[in-house]
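One structure is given below, encoded as C-alpha cells.
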Amino acid sequence: TTVAKGTAFEHRSLQILAHDLAMDLHRVGGKDDGGVDLIGWWKLPRFPSNPTSATFPERIRVVAQCKAEKKKIGPKYIRELEGVLHEHMHMARHPNSQHVEENTLFSRKTGDVAALNPDASWHQFPTVALFISESPYTKSAILRMLSSTVPLLFLHIPPAPSGTSSHDLGITEDSSIGGALVNSALAGTRGVLRGEVEIRWEWCRQSGEGRPGVWVRG
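Take 1 as the starting number for the sequence shown in full-length UniProt numbering and just add one per residue.
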C-alpha cells in the first residue's frame, strides 16, 4: 500500500542519514504529525582554534519530510516544507498553544521529548528543513529551494534495488544517497553553517561508487 511504502522509505532514510551524514533522527508518524516525518539532530564538530567556533552551532535541529513518489517533486512541496518549519518555530515560541501541547505528548511516545516541546528550548538551536525524495526534483523546485530564505537540504534517495523487502533495508552499496543540494540560507557565509561546512561528493577509487560527505573548513 501507499502507507506501507512511505513507512518503509522513512525507515530506509533514517538508516542512510545516520550512516552517510551522521544524523540522529526519529520517526514522528501518525495523522497528527504536523507535516513532519522525521525529526532530530545533526551534530557538528567544533574547532577551538577557529575564532568563529565560539558561536558556531554544536548541533542543528532537523525537521524532515519524506516522499516516496514516482513523479518528480515540484515547487509546491517546497512551499509546504517552508510552511511546516515556520509553523514549528511558531509553536516553539508560543508554548501555550493547544497544538503544542498535543504534539508534546506525541513526541514523548516517539522517545524524542524535545521534538516539539518548547520547554526543551529546542528553538534556541539553528534548524534546517530537510526534504528526502525517492524521485528527482524538477528544475522549478530546485530554483525555489535555492532562492528560499529557509535553511534547506534536499536529498534524493533512489528506490531500493528490486526484490529488497521492507524488512531488509540495511545499508548496501546499492542503497545510498543519489544526490544532495543545500541553499545559501544553510551553507552560505551568512547561513546557519557560516560557510564552514560543505556537502561534497566523495568517490571510492576501488568500487567507483560515490556518496555525499560532510566536509568542514575545506
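Where is the CB? At the ideal position from N, CA and C, for every residue including glycine.
Computed from a predicted structure; not experimentally measured.
- DSSP assignment within the region 134-161 yields the following whole alpha helix (DSSP H) runs of 4 residues or more, N-terminal first: 139-147.
- Annotation: the continuous alpha helix (DSSP H) that includes Leu17 extends over 2-21.
- Closest in C-alpha terms to Val214, from the list Ala68, Met145, His19, comes His19.
- For Ala68, the three-state secondary structure derived from DSSP is coil.
- For a cut-off of 8 Å, the C-beta gap from Phe9 to Ala68 is around 4 Å, short enough to register as a contact.
- As the crow flies, the alpha-carbon of Val28 is around 30 Å from that of Gly195.
- Beta bridge pairing from DSSP links Leu38 with Arg27, Ala64.
- Leu85 carries a helical assignment under DSSP once its states are collapsed to helix, strand and coil.
- Looking at the DSSP output, Gly179 shares a beta bridge with His156.
- If you ignore the 5 residues before and after Val150, its C-beta comes within less than 7 Å of the C-beta of Glu82, Leu85, Ala129, Ala185, all in its own chain and listed in chain order.
- According to the DSSP assignment, Leu186 belongs to the alpha helix (DSSP H) that extends over 184-187.
- The DSSP-derived three-state label of Arg59 is strand.
- A distance of 7 Å or more separates the beta carbons of Ile177 and Leu193.
- With a cutoff of 7 Å on beta-carbon distance, Ile60 and Trp42 are scored as near each other.
- Closest by C-alpha distance to Tyr137, out of Val62, Lys72, Leu44, is Lys72.
- DSSP links Val128 through a beta bridge to Val62.
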